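The opening residue of the sequence shown carries number 1 in our numbering; numbering runs sequentially from there.
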Amino acid sequence: METSQHSLKKSELFHNINLDETEAIVACLCATEKKYGRENDIIEMGSSVDSAGILTKGTAQVVHRDAAGNRMILSEIKEGDLFAEAFAAIKCQSIPVGVVALTNCTVVWFAVENILGVCKNQCSFHKTLSSNFARIIAQKNILLNEKVRLLSCKTTKEKLCMFLSNYAKKTGQLSFHIDFSRDELADFLSVNRSAMSRELSRLQQEGKIQYKKNDFQLNPEEFAIYEGKTCY
């Protein structure tokens, strides 16, 4: 496997595990590595899933397409992120989402039962792996709840304000850079791109935000981010 120990160490799955144990972990998990070209499917929507992945190089997105071909971006996957673990745990026969490589990507795949089950090798790090895995699942449940709240907003303005407020909370700053293009942001929020662009311009004219391309700055008087208030 070409993936370096430092690439895997970026993953929360390996939190509190020594770098020199990585090779043993890879062997214990029976992990394999695969590379994907830009815009290729890492996981095809509707396919069966029996392994979880760790993205060790590149950027990807979790997407859903409806019967009409409309795309919804559910989340981003960055280097070190674990993905498809819930579907792999139940050996999903038809996954309702897909994972697409935005850049050239490298993924380390492993069977989830090798973490959840009893380690036949009695590895010293296995308990830490299991604990880290459970924490990642809990964190993703919190993010899923945030996404549900975001999509439940009734207007494009409300969705934008909640998204920007959440991003500020995530970064701990009122000035930040987002990775989404305008098309991708519209798909993530499940809104019309033109309507979203108009709302962004209106928010800037009202002095609630400033932005240039993907760099945003929020007005602290309008976005009380730590009190959970937003501009809508």
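Every residue, glycine too, gets a C-beta built ideally from N, C-alpha and C. It should be emphasised that the depicted structure is a prediction, and the values quoted were computed from it without experimental measurement.
By DSSP, does Leu-218 sit in helix, in strand, or in coil?
Taking the sequence shown and counting its residues from 1, one reaches residue 218 at position 218. Strand, per DSSP.
Is Ser-75 helix, strand or coil when you go by DSSP?
Taking the sequence shown and counting its residues from 1, one reaches residue 75 at position 75. It is a strand residue.
Where DSSP assigns a beta bridge to Gly-53, which residues make up the other side?
Working through the sequence shown from its first residue, we reach residue 53 at position 53. DSSP output for Gly-53 lists Phe-83 and Trp-109 as bridge partner(s).
Excluding sequence positions up to five away, which residues of its chain have a Cβ less than 8 Å from the Cβ of Asn-114?
As a first step, residue 114 is located in the sequence shown; it is residue number 114 there, counting from the start. If we look at Asn-114 and ignore the five residues flanking it on each side, its Cβ neighbours are Cys-28, Leu-29 and Cys-30.
Just the C-alpha distance for Val-62 and Phe-125, rounded to the nearest angstrom, thanks.
If you number the sequence shown from 1, residue 62 lands on position 62. If you number the sequence shown from 1, residue 125 lands on position 125. Roughly 30 Å separates the two Cα atoms.
Is it buried or exposed for Ser-165, if we count other Cβ within 10 angstroms and need 16 for buried?
Reading the sequence shown from its first residue, position 165 is the one you call residue 165. Flag for Ser-165 reads buried.
Between the alpha carbons of Lys-212 and Val-100, how many angstroms are there, rounded?
Start at 1 with the first residue of the sequence shown, and residue 212 comes out as number 212. Start at 1 with the first residue of the sequence shown, and residue 100 comes out as number 100. If you take the alpha carbons of Lys-212 and Val-100, they lie about 27 Å apart.
Selected residue, minimal CA-CA separation from Ala-111, among Cys-161, Ala-89 and Ser-130:
Against the sequence shown, residue 111 aligns to sequence position 111. Of the candidates Cys-161, Ala-89 and Ser-130, the one whose C-alpha sits nearest the C-alpha of Ala-111 is Ala-89.
Can you name, in chain order, every residue of its own chain whose Cβ lies under 6 Å from the Cβ of Ser-7, other than the five neighbours on each side?
Counting from one through the sequence shown, the residue named residue 7 turns up at place 7. The residues are Thr-56.
Residue closest to Arg-193, alpha-carbon to alpha-carbon, out of Ser-175, Ala-168, Lys-169 and Lys-157:
Locating residue 193 in the sequence shown gives position 193, counting from the first residue. The shortest Cα separation from Arg-193 among Ser-175, Ala-168, Lys-169 and Lys-157 belongs to Lys-157.
Using alpha carbons as the reference points, say which of Lys-169, Lys-159, Lys-170 and Gln-122 lies closest to Ser-197.
Here residue 197 corresponds to residue number 197 of the sequence shown, with the count starting at 1. Of the listed residues, the one whose Cα sits closest to Ser-197 is Lys-159.
For Asp-187 and Ile-43, which I take to be in contact (beta-carbon distance under 8 Å), what is that distance rounded to the nearest angstrom?
The sequence position of residue 187 within the sequence shown is 187, counting from 1. The sequence position of residue 43 within the sequence shown is 43, counting from 1. With 8 Å as the limit, Asp-187 and Ile-43 do not qualify as a contact, their Cβ atoms being about 18 Å apart.
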